[in-house]
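Those protein sequence lines, which keep their order, are chains A and B.
Numbering-wise (the numbering used here), the first sequence opens with residue 65 and increments by one.
Numbering-wise (the numbering used here), the second sequence opens with residue 47 and increments by one.
Here a beta-carbon is modelled for each residue, glycine too, at the ideal position from N, C-alpha and C.
Working notes, beginning with the structure itself.
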Amino acid sequence: MGLAEFIDVLLNYKFMQHALVTSVAVGVFCGVAGSFIVLRGMALMGDAISHAVLPGVAISYMLGANLFYGAVATGLLTALGIGYVSQNSRIKSDSAIGIVFSAAFALGVLLIAHAQSATNLNNILFGNVLTVREADMWRTLGVGVFVLLFVVLFYKELLVSSFDPTMAAAYGLPTRVIHYALMVLLTLVTVASLQTVGVVLVVAMLVTPASTAYLLTDRLSVMLWLAALFGVVSSVAGLYFSFVYNLTSGAVIVLVAAVLFALAFVFSPRHGVLWRRLGLNWKGGVES
Amino acid sequence: MSAAVEVRDLTVAYEGNIVLDRVTFSVGEGALVGIVGPNGAGKSTLLKAILGLIPRTRGSVQFFGRDLDQVRRGIAYMPQRSDIDWDFPITVLETVLIGTYPRLGWLRRPGKREVAKAYEALERVGMEKYAHRQIRRLSGGQQQRMFIARALAQDPVLLFLDEPFAGVDAGSERTILSILKELRDEGKTALIIHHDLAKVREHFDEALLLNRSLYGHGPAGEMVTRDRVAELFDIPILQQAEVTA
Numbered sequence: 065m066g067l068a069e070f071i072d073v074l075l076n077y078k079f080m081q082h083a084l085v086t087s088v089a090v091g092v093f094c095g096v097a098g099s100f101i102v103l104r105g106m107a108l109m110g111d112a113i114s115h116a117v118l119p120g121v122a123i124s125y126m127l128g129a130n131l132f133y134g135a136v137a138t139g140l141l142t143a144l145g146i147g148y149v150s151q152n153s154r155i156k157s158d159s160a161i162g163i164v165f166s167a168a169f170a171l172g173v174l175l176i177a178h179a180q181s182a183t184n185l186n187n188i189l190f191g192n193v194l195t196v197r198e199a200d201m202w203r204t205l206g207v208g209v210f211v212l213l214f215v216v217l218f219y220k221e222l223l224v225s226s227f228d229p230t231m232a233a234a235y236g237l238p239t240r241v242i243h244y245a246l247m248v249l250l251t252l253v254t255v256a257s258l259q260t261v262g263v264v265l266v267v268a269m270l271v272t273p274a275s276t277a278y279l280l281t282d283r284l285s286v287m288l289w290l291a292a293l294f295g296v297v298s299s300v301a302g303l304y305f306s307f308v309y310n311l312t313s314g315a316v317i318v319l320v321a322a323v324l325f326a327l328a329f330v331f332s333p334r335h336g337v338l339w340r341r342l343g344l345n346w347k348g349g350v351e352s
Numbered sequence: 047m048s049a050a051v052e053v054r055d056l057t058v059a060y061e062g063n064i065v066l067d068r069v070t071f072s073v074g075e076g077a078l079v080g081i082v083g084p085n086g087a088g089k090s091t092l093l094k095a096i097l098g099l100i101p102r103t104r105g106s107v108q109f110f111g112r113d114l115d116q117v118r119r120g121i122a123y124m125p126q127r128s129d130i131d132w133d134f135p136i137t138v139l140e141t142v143l144i145g146t147y148p149r150l151g152w153l154r155r156p157g158k159r160e161v162a163k164a165y166e167a168l169e170r171v172g173m174e175k176y177a178h179r180q181i182r183r184l185s186g187g188q189q190q191r192m193f194i195a196r197a198l199a200q201d202p203v204l205l206f207l208d209e210p211f212a213g214v215d216a217g218s219e220r221t222i223l224s225i226l227k228e229l230r231d232e233g234k235t236a237l238i239i240h241h242d243l244a245k246v247r248e249h250f251d252e253a254l255l256l257n258r259s260l261y262g263h264g265p266a267g268e269m270v271t272r273d274r275v276a277e278l279f280d281i282p283i284l285q286q287a288e289v290t291a
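Structure (structure tokens):
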């Protein structure tokens with residue numbers, strides 16, 4: 065099996081076309097949403113929210129309801145719970161995150177086991193992109209359009225509240241509302257990435273392509289494009305390897321993203337380790 | 047005529063600790079007001095509490111006789127250097143452009159007019175040739191001039207500046223001071239946290255002496271004297287070089 069057969073299947077079978085479209089969409093919206101997660105220093109929070117989606121998914125399955133309702137509910141409850149614990153005790157926020165999200169995740173594991181007939185825990189945790197059906201594809205595309213629309217419409221507000229939250233608040237932006245809106249976005253992104261990367265590894269799709277992009281540019285708009293590109297390359301590579309070698313798609317996607325990051329970490333013209341080690345300065349330093 | 051800023055009985059407490067204690071003062075239009083006091087005196091807290099960025103335990107603040115929400119778009123705030131993520135992927139021009147956001151409101155994007163305004167502000171602080179540079183790759187003085195340009199792009203009536211002269215070279219300091227004086231002469235009011243007492247005395251109109259509560263408020267020349275400053279900083283003998291009364 066190889067590239068030729070992959071292309072042959074892609075041209076002739078609907079399931080592969082659905083998987084490809086879904087992979088591309090996941091790469092794009094994870095890269096774009098992830099850029100703001102990276103710049104706001106919310107990687108740990110992103111990890112927590114994505115894990116906390118699990119009990120919501122399980123409950124939705126059991127009730128036969130749309131996955132999104134349950135996922136957004138438990139995702140947001142977790143975000144609020146983390147905020148409540150850290151603000152009302154001496155517990156610092158990283159510990160609060162660890163406590164609340166692992167509890168939510170554990171509950172999710174038990175609930176999913178209970179609802180086993182409906183789904184497969186392994187696929188939810190680590191993704192199986194080849195099981196994407198047409199309805200899943202449309203749902204993922206819908207989330208993609210929503211995420212991109214949100215970022216395009218509120219680009220200015222996201223920029224200023226990420227870069228200088230004090231000024232944003234000073235001129236009257238509701239910075240807390242923006243924070244929780246991003247949390248909602250995160251839960252949507254997680255649910256939409258379920259079948260591709262899975263709950264456990266989705267944080268890598270949020271953080272890794274965006275970080276790679278961050279090492280390569282000094283402009284937010286360029287960073288968003290690059291992050292989307294690296295996200296797509298990773299998720300399409302994941303699809304290819306999982307089909308050709310029968311590997312878990314989530315794990316492959318995350319490793320490809322990590323390899324891209326490692327390359328940027330070493331070779332980035334301005335921020336790479338290599339040039340710094342060699343004592344070279346690519347272009348400009350501090351000018352006095 | 048109502049004062050530009052009127053602060054009454056402003057008290058801020060964190061978990062039972064009083065950080066600001068019943069601060070009352072008012073500042074008229076067209077004044078450069080220096081806020082001085084030792085470390086931990088609550089200077090930044092005062093600015094943030096006035097702007098509603100941290101909750102007030104007690105007290106009220108009015109601007110031109112109105113509430114904060116009616117004037118906030120015309121209030122420029124310059125954060126302390128340490129509050130800024132200098133690695134953020136943003137250029138000098140984009141940073142200055144943020145100054146036009148408050149008056150744009152939601153959804154509207156900065157257009158040609160806003161970009162022209164940002165360039166104009168950059169020219170005024172002598173920074174136009176650095177427009178497309180990432181903000182980390184500037185000197186300390188250039189970084190502070192950039193934030194002054196951002197404040198200018200906002201067309202502010204009031205300015206709240208947290209240590210704008212920290213880490214600034216002599217040239218940048220002169221530029222920033224002359225712009226502040228121009229703004230003052232146009233009738234704008236600026237509250238400026240400053241660590242250099244001699245400079246406050248020399249260049250500012252009024253001084254607020256703060257150490258959790260207000261120790262004094264009046265013309266800078268009368269406020270920044272040996273005795274008052276010794277009392278404010280709680281040191282019995284002040285070193286000669288610091289202030290010559």
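message = Would residue 217 (chain A) pass as an interface residue toward chain B - the criterion being a Cβ-Cβ separation below 8 Å?
response = So, interface residue.
message = So if I threshold CB-CB distances at 8 Å, which residues from the region 226–237 of chain A count as touching chain B?
response = Answer in chain order: 226, 227, 228, 230, 231, 233, 234, 235 and 236.
ask   = Where does residue 170 (chain B) fall in DSSP's three states?
value = Assigned with DSSP and collapsed to three states, residue 170 (chain B) falls in helix.
ask   = What residues in its chain sit with their C-beta under 8 Å from that of residue 195 (chain A), if we drop five residues either side in the sequence?
value = These residues qualify, in order along the chain: 187 and 259.
inquiry  = List, in chain order, every chain B residue whose beta-carbon is nearer than 9 Å to that of residue 270 (chain A).
reply    = Under the 9 Å cutoff, chain B gives no residues; its nearest Cβ is about 17 Å from residue 270 (chain A).
task = Identify the continuous alpha helix (DSSP H) that holds residue 198 (chain A) and give its terminal residues.
result = The continuous alpha helix (DSSP H) containing residue 198 (chain A) extends over residues 198–217.
ask   = Applying a beta-carbon distance threshold of less than 8 Å, which residues of chain A neighbour residue 60 (chain B)?
value = The premise fails here: residue 60 (chain B) is roughly 13 Å from chain A at the closest Cβ pair, so nothing lies under 8 Å.
query = For residue 352 (chain A), is the classification buried or exposed, using 16 other Cβ atoms within 10 angstroms of its Cβ as the cut-off for buried?
reply = Any answer about residue 352 (chain A) is weak, because its pLDDT of 35 lies below 50 and its placement is not dependable; what the coordinates show is given next. By the 10 Å Cβ count, residue 352 (chain A) comes out exposed.
request  = Tell me residue 59 (chain B)'s beta-bridge partners as DSSP assigns them.
outcome  = Paired residues: B:64.
DSSP bridge partner residues for residue 252 (chain B) (one or two, in chain order) = In DSSP, residue 252 (chain B) forms a bridge with B:79 and B:265.
message = Please state whether the Cβ-Cβ distance between residue 389 (chain A) and residue 320 (chain A) is less than 8 Å.
response = Residue 389 (chain A) lies beyond the range of chain A shown here (65 to 352); nothing can be said about it.
inquiry  = Can you check whether the C-beta of residue 159 (chain B) is within less than 8 Å of a C-beta belonging to chain A?
reply    = It does not: the Cβ of residue 159 (chain B) has no partner Cβ on chain A nearer than 8 Å.
request  = Would you mind working out which of A:327, A:152 and A:113 sits nearest residue 166 (chain A), comparing C-alpha positions?
outcome  = Nearest of A:327, A:152 and A:113 to residue 166 (chain A), Cα basis: A:113.
request  = For residue 287 (chain A), go through chain B and note every residue whose CB falls closer than 8 Å to its CB, in chain order.
outcome  = Residues of chain B passing the Cβ test: 135.
ask   = With a CB to CB cut of under 7 Å and the five nearest residues on each side skipped, what residues in its chain are close to residue 287 (chain B)?
value = With a pLDDT of 49 at residue 287 (chain B), under the threshold of 50, the modelled position of that residue is not reliable, and no figure is offered here.
Start-to-end residues for the beta strand (DSSP E) that takes in residue 208 (chain B) = Residue 208 (chain B) -> beta strand (DSSP E) spans 204–208.
request  = Go through the region 74–126 of chain A residue by residue and report every complete run of the alpha helix (DSSP H) that reaches 4 residues or more, in order.
outcome  = Taking 4 residues as the minimum length, the alpha helix (DSSP H) runs contained wholly in the region 74–126 of chain A are 78–103, in order along the chain.
inquiry  = Nearest by alpha-carbon distance to residue 163 (chain A): which of A:175, A:174 and A:150 is it?
reply    = Of the candidates A:175, A:174 and A:150, the one whose C-alpha sits nearest the C-alpha of residue 163 (chain A) is A:150.
key: Contact set between the region 275–286 of chain A and chain B, restricted to residues whose Cβ is under 8 Å from the partner   = Shown in chain order are the members of the region 275–286 of chain A whose Cβ falls below 8 Å from a Cβ of chain B: 278, 281, 282, 283, 284 and 286.
inquiry  = At a CB distance below 7 Å, what residues from the region 79–106 of chain B approach chain A? Give them in sequence order.
reply    = Cβ contacts with chain A: 97 and 99.
query = In chain B, which residues lie with their C-beta within 7 Å of the C-beta of residue 103 (chain A)?
reply = Going along chain B in sequence order, the residues near residue 103 (chain A) (Cβ under 7 Å) are 134.
query = Short check: CB of residue 95 (chain A) to CB of residue 292 (chain A), under 8 Å?
reply = Result yes, Cβ atoms of residue 95 (chain A) and residue 292 (chain A) sit closer than 8 Å.
query = Taking the C-alpha atoms as reference points, what is the distance between residue 318 (chain A) and residue 230 (chain A)?
reply = Taking the Cα positions, residue 318 (chain A) is about 35 Å away from residue 230 (chain A).
key: Own chain, CB closer than 6 Å to residue 288 (chain A), minus 5 neighbours either side, in chain order   = If we look at residue 288 (chain A) and ignore the five residues flanking it on each side, its Cβ neighbours are 96 and 99.
key: Where residue 132 (chain A) falls: helix, strand or coil (DSSP)   = In the three-state scheme derived from DSSP, where H, G and I count as helix and E and B as strand, residue 132 (chain A) is classed as helix.
key: Residue interval of the beta strand (DSSP E) (run including residue 106 (chain B))   = Segment 104–109, the beta strand (DSSP E) holding residue 106 (chain B).
ask   = Counting only beta-carbon atoms, is residue 289 (chain B) nearer than 8 Å to chain A?
value = The pLDDT assigned to residue 289 (chain B) is 49, lower than 50, so where the model puts this residue is not dependable; a value taken from the coordinates is nonetheless given after this. Judged by the 8 Å Cβ criterion, residue 289 (chain B) is not in contact with chain A.
message = Determine, for residue 265 (chain B), whether the minimum Cβ-Cβ distance to residues of chain A falls below 8 Å.
response = For residue 265 (chain B), the answer is no, since every Cβ of chain A falls outside 8 Å of its Cβ.
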